[in-house]
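J.: Counting from 1, position 216 in the sequence shown corresponds to residue 635 in the numbering used here; the numbering is continuous, with no gaps.
Ideal placement from N, C-alpha and C gives every residue a C-beta, glycine not left out.
This is the structure I have questions about; it appears just below.
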Amino acid sequence: MTTIVVFVEHSKGQARRASLEALGAAKAAGARVVAAVEGSDAQAVASTLGRFGAERVAVFAGDGRVSADRSARDLAALVREEGATACFAAATSSGKSLMPRIAATLDSTLHSDCTGLDLTGGAPKVVRPWLAGKLIATLESSAPVLCATLRPNTFAVQEGSGSAEIVAKPSSSDLKALLVSIEAKTGGKLDVKEAPIVVSGGRGMKAPEHFALIEELAAAFGNAAVGASRAVVDAGWRPHAEQVGQTGKTVSPQLYIAVGISGAIQHLAGMRTAKTIVAINKDADAPIFKVADYGLVGDAFEIVPALTAAVKAIRAQR
Ligand SMILES: Cc1cc2nc3c(=O)[nH]c(=O)nc-3n(C[C@H](O)[C@H](O)[C@H](O)COP(=O)(O)OP(=O)(O)OC[C@H]3O[C@@H](n4cnc5c(N)ncnc54)[C@H](O)[C@@H]3O)c2cc1C
């Protein structure tokens with residue numbers, strides 16, 4: 420049986436959903452799954468990971484200092500020690516920072532932002548969007564260790580009743596760069612990359628104060644994040660953390676609602692892998708309708724409040 424090492428991120432004592440999805444992808448591949456968790460809360464998080472497919476959890480409690488170089492060295496050492504043939508992380512900011520370093524340390528290659536995996540025998544294959552999502556490439560790896568970041572909201576979490584062996588690991592002390600602080604710009608709100616529903620607004624909203632309509636629709640769902648096109652981010656209407664697209668974030672939610680967004684290729688690059696796309700636009704010829712599963716042609720200022728009321732009514736009945 421092959422072994423896969425999965426880097427698990429956590430926040431406030433809980434593993435991030437995108438990391439649980441990476442564990443699920445490794446489990447679904449039929450591998451023995453070894454999770455790696457770092458930091459002061461690592462022990463508490465480690466005890467939960469058996470339920471999500473990990474058979475063994477390596478805990479790097481560290482000394483309170485955070486360094487991607489050190490993390491990469493620790494994880495590469497773990498991969499070697501476990502004889503793993505693959506190493507996964509979620510394609511989040513941390514995963515994207517860490518995994519290239521691990522691949523370099525292991526003299527392997529990196530497959531980033533993967534949306535599919537085939538580890539069922541023979542050379543492992545990964546699927547990933549290319550050229551801003553215009554092409555979907557299947558790549559075969561001949562590297563001894565397959566290093567990949569996995570797109571959030573793409574792979575299923577596999578929750579069961581298992582338990583994992585937990586082992587404490589020492590962290591290396593050689594730090595080249597140290598993370599000093601992180602300031603959350605989303606103010607504790609759901610991140611567009613991880614939310615199951617994203618409601619995005621574009622220039623068709625006309626003014627920043629009208630984003631209250633987008634926020635109300637997102638709030639009505641209860642588990643939705645607000646996204647934005649670059650046009651409104653550049654105009655200073657919305658923070659960059661909400662930007663979806665080629666120069667923003669790539670999202671793959673269950674439901675993506677684009678309101679007053681034309682559907683420029685650079686925007687589509689960030690959302691076309693959403694499972695269901697709903698577009699609201701007063702221009703029936705807007706390119707967004709070419710990728711939409713459901714299109715509503717009309718004025719966002721009439722449609723969005725009606726949709727919000729309908730979502731609230733449906734949720735109230737449950
Ligand atoms: C290198 C590069 C990188 C880029 N990266 C990104 C990126 O990451 N993300 C991104 O989004 N863009 C990106 N862009 C910009 C992109 O090309 C578009 O300019 C941008 O996406 C347009 O934003 P928009 O759809 O909000 O605005 P517009 O193109 O102006 O579209 C507004 C839409 O609103 C509709 N509308 C107007 N009024 C209403 C109404 N009352 N009700 C309903 N609909 C209405 C209009 O019909 C129109 O379709 C990038 C561009 C470049 C060159």
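If you draw a straight line from the alpha carbon of SER591 to that of PHE630, how long is it in whole angstroms?
T.: Sequence index remark: in the sequence shown, residue 591 carries index 172 (1-based). Sequence index remark: in the sequence shown, residue 630 carries index 211 (1-based). Between SER591 and PHE630, the C-alpha separation is close to 47 Å.
J.: Over what stretch of residues does the beta strand (DSSP E) that includes PRO548 continue unbroken?
T.: The residue given as residue 548 occupies position 129 in the sequence shown. From DSSP, the beta strand (DSSP E) with PRO548 extends over 544 to 549.
J.: Just to check, is the beta-carbon of SER527 closer than 7 Å to a non-hydrogen atom of ligand 1?
T.: Translated into positions along the sequence shown, residue 527 becomes position 108. For SER527, the Cβ stays outside the 7 Å cut-off from all heavy atoms of ligand 1.
J.: With DSSP as the reference, label ASP712 as helix, strand or coil.
T.: Locating residue 712 in the sequence shown gives position 293, counting from the first residue. Residue state, collapsed to three classes: coil.
J.: According to DSSP, simplified to helix, strand and coil, what is ARG734?
T.: Reading the sequence shown from its first residue, position 315 is the one you call residue 734. Correct three-state label for ARG734: helix.
J.: Measure the Cβ-Cβ separation of THR727 and LEU636 and say whether it is below 8 Å.
T.: The sequence position of residue 727 within the sequence shown is 308, counting from 1. The sequence position of residue 636 within the sequence shown is 217, counting from 1. Yes, the pair counts as a contact, with Cβ atoms nearer than the cut-off.
J.: Closest to ALA441 by CA distance: which of GLN673, PRO627 and CYS533 is it?
T.: As a first step, residue 441 must be located in the sequence shown, where it is residue number 22. The shortest Cα separation from ALA441 among GLN673, PRO627 and CYS533 belongs to CYS533.
J.: Could you give the uninterrupted runs of the beta strand (DSSP E) lying entirely in the segment 466 to 504, keeping only those of 3 residues or more?
T.: 475 to 479
J.: Do PRO672 and VAL617 come within 8 Å of each other at the CB atom, strictly closer than that value?
T.: Counted from its first residue, the sequence shown places residue 617 at position 198. Counted from its first residue, the sequence shown places residue 672 at position 253. Contact: yes.
J.: What residue range does the alpha helix (DSSP H) around LEU439 cover?
T.: Walking along the sequence shown from the start, residue 439 turns up at place 20. Here the alpha helix (DSSP H) through LEU439 covers 436 to 447.
J.: Given HIS659, which residues of its chain have a CB within under 6 Å of its CB, disregarding the five upstream and five downstream residues?
T.: Working through the sequence shown from its first residue, we reach residue 659 at position 240. Counting only Cβ-Cβ distances below 6 Å, and skipping sequence neighbours, we find VAL652.
J.: Among the candidates GLU457, THR467, SER600 and GLY540, whose CA atom is the shortest distance from the CA of ALA480?
T.: Here residue 480 refers to the residue found at position 61 of the sequence shown. Ranked by Cα distance from ALA480, the options GLU457, THR467, SER600 and GLY540 are led by GLU457.
J.: Express the C-alpha separation of LYS668 and GLN685 in angstroms, rounding to a whole number.
T.: Here the question's residue 685 lines up with position 266 in the sequence shown. Here the question's residue 668 lines up with position 249 in the sequence shown. Computed Cα separation, rounded: 11 Å.
J.: Are the Cβ atoms of THR504 and THR421 separated by less than 8 Å?
T.: Against the sequence shown, residue 504 aligns to sequence position 85. Against the sequence shown, residue 421 aligns to sequence position 2. Result yes, Cβ atoms of THR504 and THR421 sit closer than 8 Å.
J.: Give me the pocket residues for ligand 1, defined as CB within less than 5 Å of any heavy atom, sorted by chain position.
T.: The filter returns GLY621, ARG622, GLY623, SER648, ARG649, ALA650, GLY664, GLN665, THR666, GLY667, GLY679, ILE680, SER681, ALA683, GLN685, HIS686, ASN700, LYS701, ASP702, ALA705, ASP718 and ALA719, in chain order.
J.: Can you name, in chain order, every residue of its own chain whose Cβ lies under 8 Å from the Cβ of ARG649, other than the five neighbours on each side?
T.: Translated into positions along the sequence shown, residue 649 becomes position 230. Cβ neighbours of ARG649 beyond the five flanking positions: GLN662, GLY664, THR666, GLY667, GLN685 and HIS686.
J.: Closer than 7 Å by C-beta to ALA688: which residues in its own chain qualify, once you throw out the five before and the five after it? Chain order, please.
T.: Position 269 of the sequence shown, counting from 1, holds the residue named residue 688. Cβ neighbours of ALA688 beyond the five flanking positions: ALA551, GLY552, GLY664 and GLN665.
J.: On the DSSP letters alone, give me the boundaries of the beta strand (DSSP E) that GLU628 sits inside.
T.: In the sequence shown, counting from the first residue as 1, residue 628 sits at position 209. Where GLU628 is concerned, there is no enclosing beta strand (DSSP E), given that its DSSP letter is neither H nor E.
J.: What are the boundary residues of the alpha helix (DSSP H) that GLY535 is part of?
T.: Within the sequence shown, numbered from 1, the residue matching residue 535 stands at position 116. Per DSSP, GLY535 belongs to no alpha helix (DSSP H); it is in the beta strand (DSSP E), 535 to 537.
J.: Would you mind stating whether VAL485 and VAL452 have Cβ atoms separated by less than 8 Å?
T.: Here residue 485 is taken as the residue at index 66 of the sequence shown, counted from 1. Here residue 452 is taken as the residue at index 33 of the sequence shown, counted from 1. Contact: no.
J.: To which residues of the same chain is PRO543 closer than 8 Å at the C-beta, ignoring the five residues directly before and after it?
T.: Indexing the sequence shown from 1 puts residue 543 at position 124. The answer, listed in chain order, is THR504, ALA505, LEU536, ASP537, GLU559, SER560 and LEU565.
J.: CA-CA distance, ASP493 and ARG520?
T.: As a working note, residue 493 is residue 74 in the sequence shown. As a working note, residue 520 is residue 101 in the sequence shown. About 11 Å.
J.: GLY714 to GLY646, Cα distance in whole Å?
T.: The sequence position of residue 714 within the sequence shown is 295, counting from 1. The sequence position of residue 646 within the sequence shown is 227, counting from 1. The alpha-carbon atoms of GLY714 and GLY646 are separated by roughly 18 Å.
J.: Please classify LYS446: is it buried, with 16 or more other beta-carbons within 10 angstroms of its beta-carbon, or exposed?
T.: Walking along the sequence shown from the start, residue 446 turns up at place 27. Answer is buried; the Cβ neighbour count reaches 16.
J.: Apart from the five residues just before and just after GLY514, which ones in its own chain have a Cβ nearer than 6 Å to its Cβ?
T.: Here residue 514 is taken as the residue at index 95 of the sequence shown, counted from 1. Hits under 6 Å: ALA508 and THR568.
J.: Would you mind giving the Cβ-Cβ distance between GLY717 and LYS731, rounded to the nearest angstrom? I have them listed as a contact below 8 Å.
T.: Here residue 717 corresponds to residue number 298 of the sequence shown, with the count starting at 1. Here residue 731 corresponds to residue number 312 of the sequence shown, with the count starting at 1. That belief does not hold up - the Cβ atoms of GLY717 and LYS731 are roughly 20 Å apart, past 8 Å.
J.: List the DSSP bridge partners of HIS530.
T.: Your numbering for residue 530 matches position 111 in the sequence shown. ALA567.
J.: Is it the case that the Cβ atoms of VAL773 and GLY443 are separated by a distance below 8 Å?
T.: Residue 773 is absent from the structure shown; the chain starts at 420 and stops at 737.
J.: So what does DSSP say about ILE699, is it helix, strand or coil?
T.: Counting from one through the sequence shown, the residue named residue 699 turns up at place 280. Strand.
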